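Scroll down for the structure; my scribbles are underneath it.
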């Protein structure tokens, strides 16, 4: 971060960006108690993120000078009521912006008026000056659990379904591959014999699925730090333990490790898993993965002098570790200096460094934590490594790669230079997709 405290090329949004976590719940609608630019800002950052009613289409109180002077509670009350009239929704979530939190509007009281009428309404403080959307995602999920899901605990007794798990992984829209990733987690876990609450995206059962959260036997968290407050909260609230994997499992090595660890944890929690079924699943997926790797042999031999041999990654902590491990061990591209740009809290940095260091016992992988990606870019400009380089980052890094003469793979938000719909980067198939995307870029440079 610069001496002035300014951040250049920011890779995340302020807390109200967690409205996208609401948008990712089928038939849920965020209501912004904020200035008119907040939703537009979020939409501009993520692009193609409108969902059911997100981005610039989100209902908003358009907080102005009048509300600053006289308060915005009445305006909020009117917007909520009109939203119910206009939109057919299963859940509404009020998110507050900076001005509303500074003024001190009693949002909880206004929300209470509607919940007393039986309306499914949740409120969350998401003022941008408090934290970023990585943190606010947990705030939103915990608020939905406390203010809505908990009302159905009588129907879904805690830990009453030994085969059911709740999965918390990719942050909706912040991870460009979130839809495909969540679909792949659900597919793999169901193939193991578990039932899965995936909660977000088209594979989710929507609000009805959220109601069953307490019934899950345990929770699964794939994250180096973000989302940890969710599973810790559920552990305190419903007594649900959690299995945590610190980074996205990409490719055969890490996905096998993820599934074997999960299977052992599930068995310890009394989940009805067939060990033979789990081993058969892993063997089948590994066979398909390595068959495609074998098919690459001729291509790799022919292009061995024209392929990237080292990589710099500018991403959140999970992808920096997950991609580094995959590229080194299963693609043969050496991770050089890596850059975590998600503003990781200090207490998690040591564990992330340890995960990355475990990638190789023979070489050290330098790791920089800095939310100021502009600073990271300046560091890369000053580096010199032999061979053909690769940068994996956001749209901000395209010109940097061009300056360095490196290949460039856009894989982080903001991501305006590629269209991602249902692509996944996790799992066995996700590893193959990373290889496809990477070598598509390389082959395109020969055109």
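Residue numbers (my numbering): 15 to 461.
Glycine included, every Cβ here is placed at the ideal spot set by N, Cα and C.
In this text, all values refer to a predicted model and were calculated from it rather than measured experimentally.
In terms of Cα proximity to residue 173, the closest of 248, 388 and 236 is 248.
Residue state for residue 324 is assigned as strand, using DSSP reduced to three classes. By the Cβ neighbour-count rule, residue 143 is exposed, with fewer than 16 other Cβ atoms within 10 Å of its own. Boundaries cannot be given for residue 283, as no beta strand (DSSP E) includes it and DSSP labels it neither H nor E. Remark: C-beta atoms of residue 322 and residue 421 approach each other more closely than 8 Å.
One thing to note: residue 211 has its Cβ no nearer than 8 Å to the Cβ of residue 28. Take the alpha-carbon of residue 127 and the one of residue 48: they are about 20 Å apart. Secondary structure at residue 45: strand, using DSSP grouped into helix, strand and coil. Collapsing the DSSP output to three states places residue 402 in coil. Residue 417 sits exposed, since fewer than 16 C-beta atoms from the chains shown fall within 10 Å of its C-beta. Judged by DSSP secondary structure, residue 77 falls outside any alpha helix (DSSP H); it is assigned neither H nor E. Judged by beta-carbon spacing, residue 366 lies within the 8 Å limit of residue 335, meaning their Cβ atoms are closer than that value.
Assignment of beta strand (DSSP E) within the stretch 88-143, counting only whole runs of 3 or more residues, yields 105-110 and 135-139 in chain order.
No residue range can be given for residue 350, since it is assigned to no beta strand (DSSP E) and is classified by DSSP as neither H nor E. Comparing alpha carbon positions, the residue from 238, 243 and 205 closest to residue 277 is 205.
Between the stretch 401-412 and the stretch 165-172 there are fewer than three C-beta pairs closer than 8 Å, too few to call the two in contact. Bridge pairing for residue 257: 234 [DSSP]. When 305, 203 and 228 are compared, the shortest CA-CA separation from residue 280 is found for 203. A direct Cα-to-Cα measurement between residue 236 and residue 183 gives close to 5 Å. Following the DSSP letters along the chain, one finds residue 153 inside the alpha helix (DSSP H) bounded by residues 147-161. Distances from the alpha-carbon of residue 433 to those of 357, 378 and 190 put 190 closest. If you draw a straight line from the Cα of residue 387 to the Cα of residue 363, it comes to about 17 Å.
Looking at 443, 378, 326 and 449, the one whose alpha-carbon comes closest to that of residue 396 is 326. Boundaries of the alpha helix (DSSP H) harbouring residue 309: 289-309, taken from the DSSP string.
Here residue 294 has no same chain residue with a Cβ atom under 7 Å from its own Cβ, once five neighbours each way along the sequence are excluded. A direct Cα-Cα distance of roughly 22 Å separates residue 117 from residue 54. In this structure, residue 218 sits away from residue 44, with a CB-CB distance that is not shorter than 8 Å. Relative to the Cα of residue 180, the nearest Cα in the group 241, 139 and 30 belongs to 241. In this structure residue 46 is buried. Its beta-carbon is surrounded by 16 or more other beta-carbon atoms within 10 angstroms. Looking at the DSSP output, residue 265 sits in no beta bridge, so it has no partner there. Minimum Cα-Cα distance from residue 175 among the listed residues 373, 138, 450 and 252 corresponds to 252. Contact annotation, residue 345 with residue 449: C-beta distance approximately 6 Å; criterion of less than 8 Å satisfied.
In this structure the stretch 372-385 does not touch the stretch 425-443; the number of beta carbon pairs closer than 8 Å is below three. Taking a 10 Å sphere around the C-beta of residue 318, we find fewer than 16 other C-beta atoms and assign the residue as exposed. Judged by beta-carbon spacing, residue 257 lies beyond the 8 Å limit of residue 238, meaning their Cβ atoms are not closer than that value.
With fewer than 16 other Cβ atoms inside 10 Å of its own Cβ, residue 282 counts as exposed.
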